[in-house]
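Enquirer: When we follow UniProt numbering, the leftmost residue of the sequence shown carries the number 2, and every step to the right adds one. We put the beta carbon where it would ideally sit given N, CA and C, even for glycine.
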Amino acid sequence: KKLIIINGPNLNLLGKREPNIYGSLTFTEFLDEIVHKYPKTDIDYYQSNIEGELIDKLHEVGFTYDGIILNAAAYTHTSVGIGDAVKAIETPVVEVHISNTFNREEFRHQSFISPNARGVILGFGLQSYELAIQSFL
Ligand code: DQA
Numbered sequence: 002k003k004l005i006i007i008n009g010p011n012l013n014l015l016g017k018r019e020p021n022i023y024g025s026l027t028f029t030e031f032l033d034e035i036v037h038k039y040p041k042t043d044i045d046y047y048q049s050n051i052e053g054e055l056i057d058k059l060h061e062v063g064f065t066y067d068g069i070i071l072n073a074a075a076y077t078h079t080s081v082g083i084g085d086a087v088k089a090i091e092t093p094v095v096e097v098h099i100s101n102t103f104n105r106e107e108f109r110h111q112s113f114i115s116p117n118a119r120g121v122i123l124g125f126g127l128q129s130y131e132l133a134i135q136s137f138l
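1) State yes or no: is the C-beta of Ala74 nearer than 7 Å to some heavy atom of the ligand DQA?
2) Tell me Lys3's beta-bridge partners as DSSP assigns them.
3) What residue range is occupied by the uninterrupted alpha helix (DSSP H) comprising Ile83?
4) Among all the DSSP beta bridges, which residues are the ones paired with Val121?
5) When we look at the beta-carbon of Thr29 and count the other beta-carbons within 10 Å, is it buried (16 or more) or exposed?
6) In chain order, what residues of the same chain lie with their CB nearer than 6 Å to the CB of Asn50, ignoring the 5 residues before and after it?
7) Return the residue from the list Ala75, Leu4, Thr27 that minimises the CA-CA distance to Glu61.
8) With DSSP run on the structure shown, which of helix, strand or coil describes Gly53?
9) Nearest to Ser112 by CA position, among Gly63, Thr77, Ile22, is which residue?
10) Considering only residues of the same chain and omitting the five flanking positions on each side of His110, which have a CB-CB separation below 7 Å?
11) Closer than 6 Å by C-beta to Arg120: which residues in its own chain qualify, once you throw out the five before and the five after it? Chain order, please.
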């Protein structure tokens, strides 16, 4: 299986950013563990802080990969463009969030991704990503 994890804005700061909410592990450390734990699965990784680059990446992988694990971060709540891209591609997308966005500010309760996602996993810390990977196996 060929999967990709796509992370949106500010997730490059994982480990440093609000560790009380997002944990103290960097994403590279986490990814290292995961890649070793699922040796038969090909897991690519992409991160961008730029909305259009995230859309370009969805287009690039969205007709050939078996699954996309997308944490669009703040764009989840604002981006009609990323929502449309998820709808436009063929590869199923699982939406992921580290935190439980429903016990946070009201503006985090809306998602432009969810209506077109295969499913949503949130609130389990970095484990949310692993659960999303498992959903494709
Ligand atoms: C997040 C939740 C978003 O509301 C926030 O903007 C993020 C991270 C999460 O993984 O918990 O940057 O997507």
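Expert: The structure says:
1) In the sequence shown, the residue the question calls residue 74 occupies position 73. Checking the Cβ of Ala74 against the ligand DQA gives yes.
2) In the sequence shown, residue 3 corresponds to position 2, counting from 1. Answer is Asp43, bridged to Lys3.
3) Residue mapping note: residue 83 aligns to position 82 of the sequence shown, counting from 1. Taken as a continuous stretch (DSSP letters only), the alpha helix (DSSP H) holding Ile83 covers 81–89.
4) Here residue 121 refers to the residue found at position 120 of the sequence shown. Its beta-bridge partners are Glu96.
5) Numbered from 1 along the sequence shown, position 28 holds the residue referred to as residue 29. So Thr29 ends up on the exposed side.
6) Taking the first residue of the sequence shown as position 1, residue 50 is located at position 49. The answer, listed in chain order, is Pro10.
7) The residue given as residue 61 occupies position 60 in the sequence shown. The shortest C-alpha separation from Glu61 is found at Leu4.
8) In the sequence shown, the residue the question calls residue 53 occupies position 52. Secondary structure of Gly53 (DSSP, three-state): helix.
9) Here residue 112 is taken as the residue at index 111 of the sequence shown, counted from 1. Nearest neighbour of Ser112 by Cα position, chosen from Gly63, Thr77, Ile22, turns out to be Thr77.
10) In the sequence shown, the residue the question calls residue 110 occupies position 109. Hits under 7 Å: Thr102, Phe103.
11) Counting from one through the sequence shown, the residue named residue 120 turns up at place 119. The question names Arg, but residue 120 is Gly in the sequence shown. Answer for Gly120: Val95, listed in chain order.
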